[in-house]
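Asks: Once you've had a glance at the structure underneath, I'll fire off some questions.
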Amino acid sequence: MTVSEEKDIEIERLRRALTEEKVKASILSEYSRFGLWEYHISDDLFYQYKSVFGGSAENNGPISNFKETVIKRGVIFADDLPEFEKFCYDMEHGKDEVSCEIRVIGENSEAALVKFEGRLIRDENDLPIKYIGRVLDANCEINSAEDMSDKLDPLTGVYNPAAFRKLAEEKLKGANRYRGAGLLAVGIDNFRDIIAKSGVEYTDYLQKTIAKILSGIAACERDSLVARVRDGEFLMFSMF
């Protein structure tokens, strides 16, 4: 093997490691209250960083022979076993994204509804090697969604004006003096004329599209908010 080939191999190894760290970082930054998990396909090893399938937090080693071991432990509700088996099948066969929602008997023998979501990682030959994902309490997610319902604009799913103002003020109060803030206003010109000419269905589509674009931009920033303040008018707040 030449020096050049060795360098190429090392660069590829570092690239894969960086890709994995980016996946982990994106999960943790967006969903910091959730636990990470990994599944290594060829070894059939499942690493749980938050105890779900048995084992204490202090002794939470990898689970070998993953599917069979978990089923034998009896921690999954019988009615949910087909969902779990499909989850395992999808990982064994290299599906790009996997998920399942199942009831388990967790710590202190308490039942919990948990949700697993994972992304496939490939090697330098584009072969599936592992999954990295998150596990969360689905009941907590449902409650959070219900709590959010009174803060969101029903048409577009972005914040309503009252929630936007409150959250922006909280971010400003919590920021240190070295940080700045910006406010972007976006509006549809002649909105009433467009409604009269093209109808409500078309203008609803326009507003949803604008909200989606602004939300995509905001998702790239750590402290950004988007709101529809009135028909055809949006605000985006960002800290920098």
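Taking the working numbering, I'd label the letters of the sequence shown as residues -1 to 238. Here a beta-carbon is modelled for each residue, glycine too, at the ideal position from N, C-alpha and C.
1. Please report the distance separating the alpha-carbon of glutamate 99 from that of valine 112.
2. Does DSSP classify isoleucine 100 as helix, strand or coil?
3. Would you say the segment 68 to 85 touches the segment 158 to 172, given that touching needs at least three Cβ pairs under 8 Å?
4. Taking only three categories from DSSP, how would you classify serine 222?
5. For aspartate 229, which residues in the same chain have their Cβ closer than 7 Å to its Cβ, ignoring the five residues on either side in sequence?
6. Under the DSSP definition of a beta bridge, which residues are partnered with serine 62?
7. How many Å lie between leucine 134 and glycine 92 at the Cα?
8. Taking the continuous beta strand (DSSP E) assigned at leucine 182, which residues delimit it?
9. I'd like the list of long-range same chain contacts for aspartate 202, defined as Cβ closer than 8 Å, with 5 residues on each side in sequence excluded.
10. If you reduce the DSSP assignment to three classes, tell me which class proline 126 lands in.
11. Using a Cβ-Cβ cutoff of less than 7 Å, which residues in the same chain neighbour lysine 128 once the five nearest sequence positions on both sides are dropped?
12. In the DSSP assignment, find the unbroken beta strand (DSSP E) run with phenylalanine 189 in it and report its ends.
13. Among all the DSSP beta bridges, which residues are the ones paired with alanine 109?
14. Ends of the alpha helix (DSSP H) at leucine 79?
Replies: Quick answer:
1. 6 Å
2. strand
3. no
4. strand
5. Phe189
6. Leu43
7. 22 Å
8. 179 to 185
9. Leu153
10. strand
11. Glu36, Tyr37, His38, Ile39, Ile119
12. First-last for phenylalanine 189: 189 to 196, but that is the alpha helix (DSSP H), not the beta strand (DSSP E).
13. Ile103
14. 79 to 90
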